[in-house]
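Take a look at the structure below.
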Amino acid sequence: MPTYQYACNACEHEFEAFQSFSDASLTQCPECKGEIRKVYSAVGVVFKGSGFYKTDSAKKTTASEPAKTTPAAAPTPAAKTD
Ligand SMILES: [Zn+2]
């Protein structure tokens, strides 16, 4: 059964609720009957973080390829001047 985490907009009370898909979403804080919002689990945040690092290393690999072309082209006009 999926676990949903909720946080109250009014009193910041946080709690988890075990709900099946057929259950209606909770809308009331059990503490103060205020409006609550769904909080996405920390797993999603960790997943985003690893994705960031993957993108970062991929950028470096791509950048090294055109970098090879630039130093090779530079000596050619220098030799012409001499
Ligand atoms: Zn509350």
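Residue numbers are given in this note's numbering: position 32 of the sequence shown equals residue 1021, and the series is strictly consecutive.
Yeah, the Cβ is synthetic: ideal placement off N, Cα and C, and Gly gets one too.
As the structure is a computational prediction, the values presented were derived from the model and not from experiment.
Checklist entry - Out of Asp1012, Lys1022, Lys1069 and Tyr1029, which has the shortest C-alpha to C-alpha gap to asparagine 998? => result That would be Lys1022, whose Cα lies nearest to the Cα of asparagine 998.
Checklist entry - So what's lysine 1027 in DSSP terms, helix, strand or just coil? => result strand
Checklist entry - Over what stretch of residues does the beta strand (DSSP E) that includes glutamine 994 continue unbroken? => result 992-997 is the span of the beta strand (DSSP E), which, as asked, contains glutamine 994.
Checklist entry - At a cut-off of 7 Å, is alanine 999 close to ligand 1 when judged by its beta-carbon and the heavy atoms of the ligand? => result yes
Item to check | Residue closest to proline 991, alpha-carbon to alpha-carbon, out of Ile1025, Glu1001 and Glu1005 | outcome: Glu1005
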